[in-house]
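J.: Right, I'll just put the structure down here and ask away after.
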Amino acid sequence: MLVGLAAASAAGTAMVLFYLVAYVFGNMGAFLVVEAVARSEGSEHASAFRGLAQRSPLLALAMLLFLLSLGGIPFVAGFWAKLYVFWAAAQQGLYWLVLLGALLTVVALFYYLVVAKRMYIEPPDRPGRVTVAPTLAIAVALCLLGTLLLGVWPKPVVMAALRVAAPLF
1 MLVGLAAASA AGTAMVLFYL VAYVFGNMGA FLVVEAVARS EGSEHASAFR GLAQRSPLLA
61 LAMLLFLLSL GGIPFVAGFW AKLYVFWAAA QQGLYWLVLL GALLTVVALF YYLVVAKRMY
121 IEPPDRPGRV TVAPTLAIAV ALCLLGTLLL GVWPKPVVMA ALRVAAPLF
């Protein structure tokens, strides 16, 4: 996100605004899944995610999509957010910053994939389904909807961000 601010341009500011919207959906969604697992399992520890795909496939899928978005993988909101921020920095000649941001994205993605491995490959510690409160399920679903919609149709939010940022420069 700071990469876009370093660009010091209307496009950079607009892309930071878009990044914030995408990040809110992805980050809030991931934390809501952590909360759902913690309430059901009694633990926020990473081991609570072992075998989540077997015990709660939809919750695991939501978490996977949130993690992929935070990692900047295509077809979820985070991809466009990172791409646009890096593009704005490149337009200002900040190639070293784009490269650094890309490298840090790869490092973060590694850690996100460790969680995905626990959910999809490792066996569950205990049998039974993960129970999720209805209000928590709705909040996760809304965050997932935002993450997916921005991933396939970012233009309305990007255009709104450009309109907001233009008068600042």
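When you number the sequence shown by this note's numbering, it's gap-free, plus one each residue, and the end is 169. Yeah, the Cβ is synthetic: ideal placement off N, Cα and C, and Gly gets one too.
Would you decide whether residue 96 is buried or exposed? Buried here means 16 or more other CB atoms lie within 10 Å of its CB.
T.: The residue in question, residue 96, is exposed, as its Cβ has fewer than 16 Cβ neighbours within 10 Å.
J.: If we count the other Cβ atoms within 10 Å of its Cβ and call it buried at 16 or more, is residue 76 buried or exposed?
T.: It is buried - the Cβ of residue 76 has at least 16 other Cβ atoms within 10 Å.
J.: Do the region 40 to 56 and the region 123 to 141 touch if we need at least three Cβ pairs shorter than 8 angstroms?
T.: Yes, they touch.
J.: Can you tell me which of the three DSSP states residue 135 falls into?
T.: Three-state result, residue 135: helix.
J.: Can you name the start and end residues of the alpha helix (DSSP H) that residue 57 belongs to?
T.: Note, residue 57: alpha helix (DSSP H), 57 to 71.
J.: By DSSP, does residue 91 sit in helix, in strand, or in coil?
T.: Of the three classes helix, strand and coil, the one that applies to residue 91 here is helix, per DSSP.
J.: Determine the extent of the alpha helix (DSSP H) in which residue 169 is found, giving its start and end residues.
T.: Counting along the chain, residue 169 falls outside any alpha helix (DSSP H), and DSSP gives it neither H nor E.
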